[in-house]
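Participant: Residue numbers (the numbering used here): 1092 to 1170.
All C-beta atoms in this analysis are idealised placements derived from N, C-alpha and C, irrespective of residue type, glycine included.
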């Protein structure tokens, strides 16, 4: 949806959430709380860089044991 000058995409899950000690590191390249053999830790860091390159941002709210909400906020294009 476009709110004023920003498009907002909200993604929510009801999974285990992100542990508080990991929340500040989720966009760090190669960080993963899972075994490296299965999770390389590049997905969120790459996503963050792509969104930032388009002058946007990602907002994260997570409650451990209850789930996570991620909001991708990008500027609307004038057409």
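1. Please look up how many angstroms separate the CB atoms of residue 1162 and residue 1101, rounded, as I've assumed it's under 8 Å.
2. So which of 1136, 1159 and 1127 has the shortest CA-CA distance to residue 1111?
3. How is the alpha helix (DSSP H) around residue 1158 delimited, first residue to last?
4. In terms of residues, what are the limits of the beta strand (DSSP E) holding residue 1136?
5. Please state whether DSSP places residue 1112 in a helix, a strand or coil.
6. Residue 1155 and residue 1109 look like a contact to me (Cβ under 8 Å); what is the Cβ gap, rounded to whole Å?
Facilitator: On the basis of the coordinates in this document:
1. 5 Å
2. 1159
3. Premise fails: residue 1158 lies in the beta strand (DSSP E), 1158-1166, not in any alpha helix (DSSP H).
4. Not the beta strand (DSSP E): residue 1136 falls in the alpha helix (DSSP H), residues 1134-1144.
5. Three-state result, residue 1112: helix.
6. 7 Å
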